[in-house]
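Below you'll find the structure, written out as structure tokens, and then a few comments.
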Amino acid sequence: LCKQAMKILKEIRQLTYEEGHDDGLIFTGCYDSFKPMSENTINKALRNMGYDTKQDICGHGFRTLAC
Numbered sequence: 076l077c078k079q080a081m082k083i084l085k086e087i088r089q090l091t092y093e094e095g096h097d098d099g100l101i102f103t104g105c106y107d108s109f110k111p112m113s114e115n116t117i118n119k120a121l122r123n124m125g126y127d128t129k130q131d132i133c134g135h136g137f138r139t140l141a142c
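Quick note, the sequence shown lines up with residues 76 to 142 if you use my numbering.
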């Protein structure tokens with residue numbers, strides 16, 4: 076990832092980090108910060124932005140974007 080993206084991810088991680096529990100998650104769950112964000116949460120955000128999560132893009136594919 077580019078330097079700008081890495082900087083943003085580090086800033087987000089500082090907001091979600093809990094002392095004594097570093098599980099490496101940056102995008103944590105809404106109700107449980109020790110679990111990853113739900114795919115449904117990502118899909119809902121995409122739909123709110125106007126994307127069709129059945130044809131355009133879906134939350135499941137986001138993991139591969141970071142690789």
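Beta carbons are placed, not taken as given, at the ideal position from N, Cα and C, and that holds for glycine.
Fair warning: this is a prediction, and the values are worked out from it, not measured in the lab.
Top-ranked residue by Cα proximity to residue i, from the options
{"i": "Asn118", "options": "Thr128, Pro111 and Lys85", "result": "Thr128"}
{"i": "Ser108", "options": "Arg88, His135, Cys77 and Asp131", "result": "Arg88"}
{"i": "Gly99", "options": "Lys85, Cys77 and Lys78", "result": "Lys85"}
Whole-Å CB distance - residue i paired with residue j, under 8 Å assumed
{"i": "Thr116", "j": "Ile101", "result": "With a Cβ gap of about 14 Å, Thr116 and Ile101 do not count as contacting."}
{"i": "Leu121", "j": "Gly136", "result": "Contact flag wrong, Cβ pair sits at about 10 Å."}
Paired residues, beta bridge with residue i - DSSP
{"i": "Thr103", "result": "Pro111"}
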